[in-house]
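Take a look at the structure set out below.
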Amino acid sequence: MEFQLNDEQKLIQKTARDFAVNELASGAVERDEKKIWPREGISQMADLGFMGMMTDPQYNGGGMDTISYALAMEEISRVDASAAVVMSVNNSLVCYLLEKFGSQFIKEKYLSQLATGKKIGAFSLSEPQSGSDASNMRTIAKREGENYLLTGTKNWVTNGINSDFVIVFAITEKGEGHKGISCFLVEKGLDGFEAGKPENKLGIRASDTCELYFDNVKVPVENLIGNEGEGFKIALATLDGGRIGIASQALGIAQASLDASISYSKERIQFGKPIAVNQEIQFKIADMAMEIEASRLLIHKAAWMKDKKQNYGHVASMAKVYASEAAMRASTQCVQIHGGFGFMRESGIERLMRDAKITQIYEGTSEIQRVVIARALLK
Ligand code: CAA
């Protein structure tokens, strides 16, 4: 067993860390406060090859392994979790899905643009009445000649506003449950396709989230991904990989919480001594470090299993539920260690706690991850 990163992985980790610290850090608090999408940062991430890291180079991707992707996600998230989720959705929910399930036409026309990061993708599964119960959707796609007519509403769509292409799941066969769901790639700008207003969120405020509305949108039949009826399995198989990305996002937030807690507790003097001499502070730091280490091992194990083409879905769920809950605890303790200063917006500390919360919710709540884990063990 080898616990060391290889040279390529170390280089990606360093590149991502340097980029995040030098380019993303200074504006992160302001972008969060004012809900400013990190356009410049995303364009630089595209230049670094971070928007299609695992995609085959024949479609302009980086051809890297999933551990490299997890490392880059962790480093970006350590500084700016909003920029990181834009990257995560494009990589693991859009490029991965198109490469694994798309036709040659789809890969050449769309994946090759998305993997460069010059175009941005979104993934729309949830609807007002169907979040965790994802197959209970109402959006329909009715075949008419060489098109499908798509009608319905999707919500909580990350990149919904700033994307060029959107993956949409819709019912093509009513009454068939999940077997009646199909997957489409829909271009922005088609008649009847509109994005709603940006949601006003607790965290990851610099990323955009919105509703998407489809009113008889004409989607060409070539934009069906996989076969009719395969959409739900495509969604779940894609989310398995997406959960490694979100676990890595949570890990980055937790690591940032630990870094800030260590440096502040050594500097902050109370009762004539740095607060780090207090056992109460030391125990908080030790717990954070322990949970971060365990999260990282689980994430890298899930990523390694995915690359080895093993059945990794339940391990990705373990990584996500563990890392996201660890991030919530670490960021809450980090605010506690920083006291009143940590509660102030300009400290950048309370942002960690607000950003951590969504990692327990999107791409499957902690409760759904436990369902996935238990089902894998009990089957
Ligand atoms: N890969 C492929 N197929 C899978 C699968 C997987 N990981 N898991 C299950 N399936 C198959 C099953 O075998 C089954 O097929 P058969 O009927 O042929 O056997 C089919 O899919 C349906 O499976 P279930 O009966 O288990 O489905 P379910 O309705 O009980 O739901 C669930 C299972 C785990 C709860 C699932 O609905 C789920 O993961 N829900 C959470 C959805 C989610 O993560 N949403 C996030 C949306 S994206 C987002 O957050 C927004 C963003 O922009 C970031």
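Residue numbers 251 to 629, in my numbering, belong to the letters of the sequence shown in order.
In this text, a Cβ means the ideal position worked out from N, Cα and C, and glycines have one as well.
Tell me whether residue i sits in a helix, a strand or coil according to DSSP, three-state version.
i           : result
residue 405 : strand
residue 346 : helix
residue 397 : strand
residue 371 : strand
residue 591 : helix
residue 440 : coil
residue 513 : helix
residue 707 : Because the chain is modelled from 251 through 629, residue 707 falls outside the range shown and cannot be assessed.
residue 448 : coil
residue 382 : coil
residue 599 : coil
residue 639 : Because residue 639 is not part of the residues shown, which for the chain are 251 to 629, the question remains open.
residue 426 : coil
residue 270 : helix
residue 252 : coil
residue 300 : coil
residue 572 : helix
residue 468 : strand
residue 259 : helix
residue 562 : coil
residue 610 : coil
Evaluate residue i with the Cβ neighbour count: other Cβ atoms within 10 Å of its Cβ, from every protein chain shown; 16 or more gives buried, anything less gives exposed.
i           : result
residue 519 : exposed
residue 452 : exposed
residue 546 : buried
residue 561 : exposed
residue 270 : buried
residue 379 : exposed
residue 307 : exposed
residue 515 : buried
residue 473 : buried
residue 624 : exposed
residue 610 : buried
residue 628 : exposed
residue 533 : exposed
Could you give the distance in angstroms between the alpha-carbon of residue i and the alpha-carbon of residue j?
i           : j           : result
residue 260 : residue 254 : 9 Å
residue 598 : residue 332 : 13 Å
residue 557 : residue 522 : 52 Å
residue 430 : residue 469 : 18 Å
residue 506 : residue 602 : 8 Å
residue 497 : residue 607 : 12 Å
residue 405 : residue 359 : 26 Å
residue 537 : residue 364 : 40 Å
residue 335 : residue 568 : 19 Å
residue 525 : residue 594 : 19 Å
residue 322 : residue 262 : 7 Å
residue 303 : residue 345 : 9 Å
CB residue i to CB residue j, shorter than 8 Å?
i           : j           : result
residue 489 : residue 539 : no
residue 340 : residue 367 : yes
residue 264 : residue 456 : no
residue 428 : residue 482 : yes
residue 293 : residue 495 : no
residue 479 : residue 396 : no
residue 349 : residue 316 : no
**Study point:** Stretch-stretch touch, CB-based, cutoff 8 Å, three pairs: the segment 430-441 with the segment 576-586
**Key:** no
Practice item. Please determine if the segment 328-348 and the segment 501-511 are in contact, where contact requires at least 3 C-beta pairs separated by less than 8 Å. Key: yes
Exercise for review: Report yes or no: do the segment 363-375 and the segment 404-419 share at least 3 C-beta pairs separated by less than 8 Å?
Suggested key: yes
**Study point:** Contact between the segment 308-315 and the segment 373-387 (3+ Cβ pairs under 8 Å)
**Key:** no
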